[in-house]
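Numbering that gives the first Met the number 0 applies: residue 0 is where the sequence shown begins, and numbers increase by one.
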Amino acid sequence: MNVRLLPTRAQQHPAEVGDDGEPAATAQPFLPDDPIATDPDRLDMPAPTEVEPSDVGDYLENTFTSPGDYEGPARNVNTMQEVPESSWYNWRHYHERMSVDALKRGPNPADRAGPAPGTWTVVSTKEEGKSVGMQITDRRGDRYLLKFDPPRHIELSTGAEVVVTKIFYALGYNVPQNYAVSFRPERLELGEEVSIGREDLRELLGKAAQYPDGRVRAVASKFLEGEPIGPFQYHGTRQDDGNDIFPHESRRELRGMRVFAAWLNHVDARSINSFDAVVNDISPTTGDSAQYVRHHLLDFGTTLGGGPLGPKDRWQGYEYGLQPGRMALRAATLGFAGAPWLSIEYPDYPSIGHIEAEHFDPTEWKPLYPNPA
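Now the structure itself:
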């Protein structure tokens with residue numbers, strides 16, 4: 000098994016070095032198994048310890064420090080400078096064009112259209128300010144997370160979540176099955192695990208956008224396979240995972256994700272919106288059953304023009320949440336300088352939000368706070 004981090008000098012400059020160390024124009028530029036198509040990072044390993052996510056900790060670390068030690072070329076590439084398939088990345092549309100039907104379907108199986116017909120059982124609810132969500136099980140026993148649109152902005156978050164999930168899937172990333180659904184509140188029954196009553200449920204759903212006929216719009220996100228062990232960081236490695244050998248800030252698929260995040264206005268591309276799970280599957284390296292960590296991206300509801308409570312704030316995508324230089328300039332000029340985004344006129348589309356192309360500069364685009372990859 001060959002695990003190579005970078006091409007050797009002989010591979011990079013075959014005309015310079017021969018077998019005896021002297022210049023030679025015939026030195027072999029590649030090893031016999033080049034280019035490697037599959038990274039051997041799905042070997043059988045003990046399950047790592049679960050890590051509790053810390054949204055505040057991640058914000059402070061990436062805003063006030065510069066985590067990550069590696070700044071050189073990407074390390075997880077083969078001799079063709081391409082990213083092999085791995086527990087992080089899959090060869091999909093770039094390597095072999097997907098059909099239109101496959102692109103529209105994304106990660107969703109062809110024989111499924113979301114939660115099964117019939118009653119859905121609510122097993123837990125979540126309410127954070129004006130944002131609500133709940134977990135359900137269907138008659139097949141599958142579990143889903145229901146996520147809703149903010150009031151007066153039906154299809155804003157749910158539409159973005161479904162569309163961008165399919166795009167990231169086509170790009171090669173591991174993502175959940177996300178389905179756009181609509182239902183009447185009567186379809187939900189309360190499970191024994193929840194302590195709320197029907198009136199509480201109606202009040203909860205009242206905070207979600209609804210169609211004029213009373214149907215509630217949602218994204219049904221199917222629970223991912225495997226045992227959750229928390230999110231991944233965009234720097235360093237998970238020390239107790241023997242397959243995790245490349246610093247995350249040196250991984251090409253995480254570095255390259257910035258281009259896609261800018262294009263899709265994914266300002267929330269951060270650790271809290273990732274998901275690591277221990278799965279049992281066939282290792283492509285050994286052909287045997289193996290336990291390993293699979294890495295996923297989650298939560299695309301605040302991509303494109305939407306935010307958690309409505310259209311994106313105007314500054315999002317143009318500045319970090321805390322950018323002292325810009326803030327000082329605006330304070331010194333009474334707000335008349337340092338904020339070109341204030342003059343952008345967005346179309347008034349409640350289901351699309353704040354997104355336009357005329358002022359978009361991908362090289363200047365910024366997430367909510369710095370990402371070390």
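C-beta atoms are modelled at their ideal positions from N, C-alpha and C, and glycine is treated no differently. Just so it is clear, the structure is predicted and the values come from calculations on it, not from any experiment.
Could you check whether the Cβ of residue i sits closer than 7 Å to any heavy atom belonging to the ligand HEM?
i, result
"Leu204", "No copy of the ligand HEM occurs in the structure displayed, which carries no ligand at all."
Would you call residue i buried or exposed, if buried means 16 or more other Cβ atoms sit within 10 Å of its Cβ?
i, result
"Gly20", "Its pLDDT being 48, under 50, Gly20 is placed unreliably by the model, and nothing is read from it."
"Lys365", "buried"
"Val55", "exposed"
"Thr124", "buried"
"Thr118", "exposed"
"Ala356", "exposed"
"Phe63", "exposed"
"Glu188", "exposed"
"Gly140", "exposed"
"Ser194", "exposed"
"Asp298", "buried"
"Tyr168", "buried"
"Ile281", "exposed"
"His152", "buried"
"Leu155", "buried"
"Asn279", "exposed"
"Gly286", "exposed"
"Ser385", "Only positions 0 to 372 of the chain appear in this structure, which leaves residue 385 out of reach."
"Met79", "exposed"
"Pro310", "buried"
"Tyr348", "exposed"
"Tyr93", "exposed"
"Leu367", "buried"
"Ala219", "buried"
"Asp57", "buried"
"Arg277", "Correcting the residue identity first, residue 277 is Val in this sequence and not Arg. Buried is the call here."
"Glu160", "buried"
"His353", "buried"
"Val99", "exposed"
"Pro52", "exposed"
For residue i, does the three-state DSSP call read helix, strand or coil?
i, result
"Arg104", "helix"
"Tyr345", "coil"
"Phe222", "coil"
"Pro366", "coil"
"Glu60", "helix"
"Val215", "strand"
"Val121", "strand"
"Ser130", "strand"
"Pro227", "strand"
"Thr136", "strand"
"Thr37", "strand"
"Leu321", "coil"
"His353", "coil"
"Pro371", "coil"
"Leu145", "strand"
Rounded to the nearest angstrom, what separates residue i and residue j at their Cα positions?
i, j, result
"Phe182", "Pro114", "11 Å"
"Val121", "Val215", "15 Å"
"Arg41", "Gly255", "22 Å"
"Arg313", "Trp340", "6 Å"
"Gly305", "Ile351", "7 Å"
"His234", "Pro66", "7 Å"
"Val258", "Val266", "12 Å"
"Ala338", "Ser130", "29 Å"
"Asn370", "Arg91", "25 Å"
"Glu252", "Gly71", "15 Å"
"Ile343", "Glu318", "14 Å"
"Met44", "Ser273", "21 Å"
"Glu95", "Ala101", "12 Å"
"Glu191", "Asp199", "15 Å"
"Thr302", "Gln238", "31 Å"
"Asn75", "Arg250", "6 Å"
"Gln11", "Asn77", "The predicted position of Gln11 is uncertain, since its pLDDT is 39 and thus under 50; a value taken from the coordinates is nonetheless stated next. Going by the C-alpha atoms only, they are around 12 Å apart."
"Pro283", "Glu126", "42 Å"
"Asn242", "Ile228", "15 Å"
"Asp360", "Gln134", "38 Å"
"Tyr210", "Leu170", "33 Å"
"Ala73", "Thr236", "15 Å"
"Arg111", "Leu308", "30 Å"
"Arg201", "Val162", "28 Å"
"Gly316", "His358", "11 Å"
(request) Only counting runs of 4 or more residues, tell me where the alpha helix (DSSP H) segments fall wholly within the segment 233-311, in order along the chain. (result) Runs found: 251-262.
(message) With a threshold of 8 Å, are at least 3 pairs of Cβ atoms found where one atom belongs to the segment 135-153 and the other to the segment 277-293?
(response) no
(request) Report yes or no: do the segment 94-109 and the segment 173-183 share at least 3 C-beta pairs separated by less than 8 Å? (result) yes
(message) Whether or not the segment 244-255 and the segment 204-217 are in contact is what I'm after, with contact meaning three or more pairs of Cβ atoms, one per stretch, closer than 8 Å; do they touch?
(response) At 8 Å Cβ cutoff, the stretches do not touch.
(message) Just to confirm the assignment: which complete beta strand (DSSP E) runs, minimum length 3, are found wholly within the segment 160-204?
(response) If one requires a minimum length of 3 residues, the beta strand (DSSP E) runs lying completely within the segment 160-204 are 177-182, 187-189, in chain order.
(message) Count Cβ pairs between the segment 35-51 and the segment 75-90 that sit closer than 8 Å; are there 3 or more?
(response) yes
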